[in-house]
Each structure stands twice: as structure tokens, then as C-alpha cells.
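Chemist: Mapped onto this note's numbering, the consecutive letters of the sequence shown carry residue numbers 1027 to 1351. Cβ coordinates follow ideal geometry from the N, Cα and C atoms, glycine included. Quick caveat, the model's predicted, so the values are computed rather than measured. One structure is given below, represented as C-alpha cells, and several questions about it will come after.
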Amino acid sequence: MHNSMVEKPRALAYVGPMNAPALKPSDRVRKPDWIRVKAPTSPGYAETRKLMRDLSLNTVCEEAACPNIGECWTKKHATVMILGDTCTRACAFCNVKTGMPRPVDPLEPEHVALAAAKMGLTHIVITSVDRDDLPDGGASQFVRVIEALRRETPSTTIEILTPDFRNKPESAVASIVDARPDVYNHNLETVPRLYPTIRPGARYYASLRLLEQVKRRDPSIFTKSGIMLGLGEERMEVHQVMDDMRSADIDFMTMGQYLQPTPKHAKVIDFVTPQAFDAYAQIARAKGFLQVASSPLTRSSYHAGDDFERMRAAREAQLARAAAS
């Protein structure tokens, strides 16, 4: 069917958090206005891209086809993806390629640290592909990257976004926590009901336990997690995820619109309106998160540095109130 024959969806009126509105897309519908972004053309974007190429670094910005890449790279913000560009899993939402990964690059930690120093980063986000082929799932490489960053650019705050280390020893996560990143992020991605189709290689409650383990081992580390909306989740299911996160003492929740990377990936069931994202954010804040980021274009690393500063200030204010009472 040609695009001209597809009826453009109608945005439903916002009626509040008790009825989260959405657009119902057909197979090839255009994205609503609120989800569109300009193509990257700035000099800053080109400089960031060249630096990543020169140091042979992968970024989730490119591999996951992030819609915010133009804005972030213009500001010289990038989320570095370590352990290669090939994942051992095949989640229905993810654009990163699947296959047998290459051996771990021993020079990668120093290259990441050099990139952070050259870009003058005050905050860096490090993520990775799943590496089920490695005995520790790649945890030791996270540790080496954190240590290299501390040596090369000690004032840079470090946020990591790890896989679930499923079927790996608990010492894998413990070793990363002991390296003391400032923020430990692991995304739940979606509601439990959708795991068999959207995230079949993972388990919802195993991911929750990972985040609990981080907080138990070092309560001073901020924990963070996020989900995508628009995959067919129900409003009360999203609320339950919020409650589960708070039960695990997660500090920061992110919510963003799922976008289908290619026709072979999971379809977008609905486009959640900005007003509905705002309503979800209000509910999440009421449940006690230190920081909430919720909008159609929100991604795990989007505005991560600014959000970290806000989260740190919120904790300090919370501690001050507790001391005064």
C-alpha cells in the first residue's frame, strides 16, 4: 500500500492519567508531529562521529538508531557501547545486530577514557551488548573501563547501563558495583506480560533482583531503570512496574516512546501523547522516585548528565530534611 493510501491517525483528546490517550497506527503510518526530529547536520555532530571512528568506538546512539543522536552529538554527548557491536540475543525491539561477537578489545577501556577526555565530558554513559558467550558476561570489561576513566578524567561522573548478566555468577555484578560508578542503570524495558514476545531472552524479576543487588551492596550508588511505552502495555501495568521499581529502591525512572527500527521488529501498538507521558511522570514522582524522565523522546541516556545533577541535588535535599526532622 502506498503512503498516500494510508489514513493519517487522529490524536485523541487528553483526558487525564486515568485514561492514557494514544494514537493507533496502521502498519506504515507516519509518526506524529511530536516524535519527529531534524536530521543531524551540525559541525559538532560531525566532530563527535569522527572521534568515535578514530578511536574505533561503538555507540548505542548509532547502533540503536536513537532519534536524539543529532541533538546529543551536536552537544558532544555520546553513549559508548563497549564489548563490540554484536549482541548474543535478539530482543524484538532492538536494532543492534545479533550474532557471534568478536573477542573483547583490550584497548577499549583506554580508548573510551581518551574519548571522554578529548570531548571534555563531565558525565559519561557506558553501555554494552549482551555477551552471554563470556564467563562473566563482560562485567570485567565494565570494571576496566570505569578504572580507565577514573585515571584519565577523574572529575567525570560515570553512568553505566548494563545487561542482566543472566546465568552469570553474582560476583559479576558485585565487581562492577565495587568499581563504584556513580549511576547503575539496568532497564526493565517493558511490563512483565510482554516479556515473552518483546524480551524473550530475559526475565523481568531477574532484572529487578539485579537492581536490588546493586543497592544492597552499595546504597550510595544511584540506581536507574526505564521502560518503553507503545508496545501494548496497559496503564495499570505501568503503575505496577513503578511500584516494583520502588520496592527495589530504584532512584530514577525513565519512560519513552517505542519506535520500530525496521519492519522485522515489534510493531508500534500506539503512540502515547506527551500529555500522557506527563501524567505518568506525575504518578511516578508521587511514588517517591528521586528523578523521573518521561516524554516521547526520552531514552536512557538522554540528558543523562543534567538528570544526574538533579538526582544528586534531590538526594541531598532529602538527607537534609531527614537530618532536620
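#1: Buried or exposed for Leu1345, please, with buried defined as at least 16 other CB atoms from any protein chain shown within 10 angstroms of its CB.
#2: How is Tyr1230 classed by DSSP in three states: helix, strand or coil?
#3: To which residues of the same chain is Val1318 closer than 6 Å at the C-beta, ignoring the five residues directly before and after it?
#4: With DSSP as the reference, please indicate the residues paired to Tyr1210 in a beta bridge.
#5: Going along the chain, which residues of its own chain have a beta-carbon closer than 7 Å to the beta-carbon of Asp1190, five neighbours each way excluded?
#6: Please classify Asp1159 as buried or exposed, where buried requires at least 16 other C-beta atoms within 10 Å of its C-beta.
#7: Please return the same chain residues whose Cβ sits closer than 8 Å to the Cβ of Leu1124, not counting the five positions on each side in sequence.
#8: Please classify Arg1170: is it buried, with 16 or more other beta-carbons within 10 angstroms of its beta-carbon, or exposed?
#9: Rounded to whole angstroms, what's the CA-CA distance from Leu1175 to Glu1136? Just pull it up for me.
#10: Would you tell me roughly how many angstroms separate the C-alpha atoms of Met1254 and Val1209, rounded to the nearest one?
#11: Kindly indicate the opening and closing residues of the beta strand (DSSP E) around Gln1317.
#12: Find out if the Cβ-Cβ distance for the pair Gly1331, Thr1179 is shorter than 8 Å.
#13: Can you check whether the CB of Glu1263 is closer than 8 Å to the CB of Val1373?
#14: Assuming Ala1324 is part of the beta strand (DSSP E), what are its boundary residues?
#15: Measuring alpha carbon to alpha carbon, tell me which residue in Ala1350, Cys1120, Leu1109 and Met1337 is nearest Thr1223.
#16: Is it right to say Asn1193 is buried, meaning 16 or more other beta carbons lie within 10 angstroms of its own, or is it exposed?
#17: Which residues share a DSSP beta bridge with Gln1283?
#18: In chain order, what residues of the same chain have a beta carbon less than 6 Å from the beta carbon of Ile1314, not counting five sequence neighbours either side?
#19: Can you grab the Cα-Cα spacing for the pair Ala1340 / Leu1323, in whole Å?
#20: Reducing DSSP to helix, strand and coil, say where Ser1197 ends up.
#21: For Phe1248, collect the residues of the same chain with a Cβ closer than 8 Å to its Cβ; drop the 5 residues on either side in sequence, then sort them by chain order.
#22: If the criterion is Cβ atoms closer than 8 Å, does the pair Leu1285 and Glu1259 meet it?
#23: Using C-beta distances below 6 Å, list every residue in its chain close to Asp1156, excluding the 5 sequence neighbours before and after it, in chain order.
Modeler: So, from the listed chains and residues:
#1: Your numbering for residue 1345 matches position 319 in the sequence shown. So Leu1345 counts as exposed.
#2: As a first step, residue 1230 must be located in the sequence shown, where it is residue number 204. Helix at Tyr1230.
#3: Position 292 of the sequence shown holds residue 1318. Excluding residues within five positions, the ones whose Cβ falls inside 6 Å are Met1279, Ala1307, Ala1310 and Arg1311.
#4: For this step, residue 1210 is matched to residue 184 along the sequence shown. Paired residues: Ile1186 and Thr1249.
#5: Here the question's residue 1190 lines up with position 164 in the sequence shown. Contacts found: His1212, Ala1228, Ala1232, Ser1233 and Leu1236.
#6: Residue mapping note: residue 1159 aligns to position 133 of the sequence shown, counting from 1. By the neighbour-count rule (16 or more Cβ atoms within 10 Å), Asp1159 is not buried but exposed.
#7: To locate residue 1124, count along the sequence shown from 1; it is residue 98. It should be pointed out that residue 1124 corresponds to Thr in this sequence rather than to Leu. Thr1112, Cys1113, Thr1114, Arg1115 and Ala1116.
#8: In the sequence shown, the residue the question calls residue 1170 occupies position 144. Arg1170 comes out buried.
#9: Within the sequence shown, residue 1175 is the residue found at index 149, counting from 1. Within the sequence shown, residue 1136 is the residue found at index 110, counting from 1. When only Cα atoms are considered, Leu1175 and Glu1136 end up about 8 Å apart.
#10: To locate residue 1254, count along the sequence shown from 1; it is residue 228. To locate residue 1209, count along the sequence shown from 1; it is residue 183. Each residue's alpha carbon lies about 20 Å from the other.
#11: Counting from 1 along the sequence shown, the entry for residue 1317 is found at position 291. Its beta strand (DSSP E) spans residues Gln1317 to Ser1320.
#12: Counting from 1 along the sequence shown, the entry for residue 1331 is found at position 305. Counting from 1 along the sequence shown, the entry for residue 1179 is found at position 153. Going by C-beta atoms, Gly1331 is not nearer than 8 Å to Thr1179.
#13: Here the chain has residues from 1027 to 1351 only, and residue 1373 is not among them.
#14: Position 298 of the sequence shown holds residue 1324. In the sequence on display, residue 1324 carries Thr and not Ala. Unbroken run through Thr1324: none, as it is neither H nor E.
#15: The residue given as residue 1223 occupies position 197 in the sequence shown. It is Cys1120.
#16: Position 167 of the sequence shown, counted from the first residue, corresponds to residue 1193. By the neighbour-count rule (16 or more Cβ atoms within 10 Å), Asn1193 is not buried but exposed.
#17: As a working mapping, residue 1283 is identified with position 257 in the sequence shown. Answer by DSSP bridge pairing, in chain order: Leu1255.
#18: The count along the sequence shown starts at 1 and reaches residue 1314 at position 288. One point to set straight first is that residue 1314 is Gly, not Ile, in the sequence displayed. Taken in chain order, the residues that qualify are Arg1272.
#19: Here residue 1340 refers to the residue found at position 314 of the sequence shown. Here residue 1323 refers to the residue found at position 297 of the sequence shown. Each residue's Cα considered, the two are about 23 Å apart.
#20: Position 171 of the sequence shown, counting from 1, holds the residue named residue 1197. In the displayed model, Ser1197 falls within a helix according to three-state DSSP.
#21: Residue 1248 sits at position 222 when you count from the first residue of the sequence shown. Taken in chain order, the residues that qualify are Asp1208, Val1209, Tyr1210, Asp1277, Phe1278, Leu1316, Phe1334, Met1337, Arg1338 and Arg1341.
#22: Position 259 of the sequence shown holds residue 1285. Position 233 of the sequence shown holds residue 1259. Not closer than 8 Å, so no.
#23: Here residue 1156 refers to the residue found at position 130 when the sequence shown is read from its first residue. These residues qualify, in order along the chain: Cys1113, Thr1114, Arg1115 and Pro1189.
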